[in-house]
Amino acid sequence: MATTTSSIYASYTQQVAIYVGFPVLIAGIIGETLNIIVFMSLHTFRQNSCAFYLLIMSCVNIGQLLSGLFPLIVMTGFGIDWTTNSLFYCKFRQYCRQVCALISLSCFCFATIDQFLATCFRPYLQKWSNIKVARRLCIITSVIWILHGIPCLIYFNLIPSSATARPSCTITNQVFSKYYTYCYTAVFTGYLPVSVVALFGTLAYYNVQRIEYRTRPLVRRELDKQLTVMVLILDIYNIIALLPYPVILVLISVTTITKNPIIAQQISFVSSLTSYTYFSYFACPFYIYICTSERFRRQLFHVLFKVHLETWRRRKVVAPLT
Numbered sequence: 009m010a011t012t013t014s015s016i017y018a019s020y021t022q023q024v025a026i027y028v029g030f031p032v033l034i035a036g037i038i039g040e041t042l043n044i045i046v047f048m049s050l051h052t053f054r055q056n057s058c059a060f061y062l063l064i065m066s067c068v069n070i071g072q073l074l075s076g077l078f079p080l081i082v083m084t085g086f087g088i089d090w091t092t093n094s095l096f097y098c099k100f101r102q103y104c105r106q107v108c109a110l111i112s113l114s115c116f117c118f119a120t121i122d123q124f125l126a127t128c129f130r131p132y133l134q135k136w137s138n139i140k141v142a143r144r145l146c147i148i149t150s151v152i153w154i155l156h157g158i159p160c161l162i163y164f165n166l167i168p169s170s171a172t173a174r175p176s177c178t179i180t181n182q183v184f185s186k187y188y189t190y191c192y193t194a195v196f197t198g199y200l201p202v203s204v205v206a207l208f209g210t211l212a213y214y215n216v217q218r219i220e221y222r223t224r225p226l227v228r229r230e231l232d233k234q235l236t237v238m239v240l241i242l243d244i245y246n247i248i249a250l251l252p253y254p255v256i257l258v259l260i261s262v263t264t265i266t267k268n269p270i271i272a273q274q275i276s277f278v279s280s281l282t283s284y285t286y287f288s289y290f291a292c293p294f295y296i297y298i299c300t301s302e303r304f305r306r307q308l309f310h311v312l313f314k315v316h317l318e319t320w321r322r323r324k325v326v327a328p329l330t
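With the sequence shown counted from 1, adding 8 to any position gets you this note's numbering.
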């Protein structure tokens with residue numbers, strides 16, 4: 009009976025990986041690529057600090073989807089674990105997914121804080137919402153998280169499993185293992201970014217309600233409103249998407265009920281579901297933008313068909329003549 013139940017949950021986990029994981033992966037890569045194209049093509053976005061944070065976030069989101077979600081789908085859905093065949097890949101995957109996740113979440117928090125500053129009434133706070141500050145913050149933060157990930161290159165190793173004797177990519181240092189679970193997973197990728205965006209998102213929403221009464225250029229007011237709506241809706245979705253996964257991982261680490269094979273499979277299945285909601289954070293921004301902002305939809309159409317398609321057509325016409 010226990011064996012049958014375990015196999016059922018294992019099958020569910022496999023099906024979720026294939027039929028949920030792959031659509032999230034493909035949609036995420038396409039969406040984040042389109043974000044990059046739009047943010048880099050329009051001068052309005054290139055000179056805006058919030059858009060710059062969203063641009064960097066889209067770049068590292070693609071890295072996270074490729075280093076985190078894609079191997080997870082292959083491992084869970086098809087039983088192919090590339091980390092067991094290469095010590096380098098074992099270390100590099102963990103390093104890359106940690107760095108990409110932390111840079112993305114930092115930019116997400118910065119974008120929310122930036123919208124609070126941009127819509128604030130106090131001039132001395134507004135001045136911190138500028139492209140120079142955004143570039144410096146992204147560089148400094150990236151360097152910090154790149155250095156922060158070095159222990160992954162040291163303490164992740166291939167260790168034979170006591171049950172199957174097959175190697176698995178696991179942490180070999182107990183202190184780092186606790187730090188990875190309680191600090192990185194629970195705090196840095198869970199509670200901290202959620203708390204920051206909840207606080208500053210609420211403040212930005214309060215500010216944007218009164219932005220129409222302020223003496224600012226119309227174009228700037230419209231851009232502030234557009235980005236604030238995009239970021240605030242993204243905040244709401246990401247709070248829902250980010251919280252369950254670290255909660256489940258912490259529960260797994262502190263409970264002993266996983267000794268029961270049936271409960272262990274149930275927890276594994278729930279963990280699998282929450283991992284895909286977690287990765288949807290890295291895949292969903294583009295679709296939230298187009299659903300919440302009519303202006304972004306027009307900008308997307310303009311960039312794809314008026315800018316790049318027309319440029320390609322002109323080159324195609326000129327090329328034979330040259």
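Ideal Cβ positions, reconstructed from N, Cα and C, are used throughout, including at glycine.
C-alpha of Cys299 to C-alpha of Arg305: approximately 8 Å in a straight line. In the three-state reduction of the DSSP assignment, Cys177 falls in the strand class. Looking from the CA of Ile179, the closest CA among Arg303, Tyr163, Pro159 and Gly71 belongs to Tyr163. Per DSSP, reduced to three states, the secondary structure at Ile88 is coil, with no helix or strand assignment. Met48 counts as exposed, since fewer than 16 other C-beta atoms from the protein chains shown sit within 10 angstroms of its C-beta. When Cys117, Ile167, Gln217 and Ile270 are compared, the shortest CA-CA separation from Val239 is found for Cys117. Closest in alpha carbon position to Cys108, among Ile167, Thr91, Ile154 and Asn165, is Ile154.
The beta carbon of Thr236 sits closer than 7 Å to those of Gln123, Thr127, Ala212 and Val216, all from its chain and outside the five residues before and after it, given in chain order.
Leu50 and Gln307 do touch by the CB rule: their CB atoms are close to 6 Å apart, below 8 Å. The criterion of a C-beta distance shorter than 8 Å is not satisfied by Val278 and Ile296. When DSSP states are grouped into helix, strand and coil, Asn56 belongs to the coil group.
Per the coordinates, the alpha-carbon of Thr120 lies some 45 Å from the alpha-carbon of Arg174. Burial is judged here by how many other beta carbons sit within 10 angstroms of a residue's own beta carbon; Glu40 has at least 16 and is buried. In the structure shown, Phe184 adopts helical secondary structure according to DSSP, grouped into three states.
Around the beta carbon of Cys98, a 10 Å sphere encloses 16 or more other beta carbons of the protein chains shown; the residue is thus reported as buried. Apart from sequence neighbours up to five positions away, the residues of its chain that approach Ile26 with a beta-carbon distance below 6 Å are Gly85, ordered along the chain. Residue state for Asn165 is assigned as strand, using DSSP reduced to three classes.
In the three-state reduction of the DSSP assignment, Leu251 falls in the coil class, being assigned neither a helical nor a strand state.
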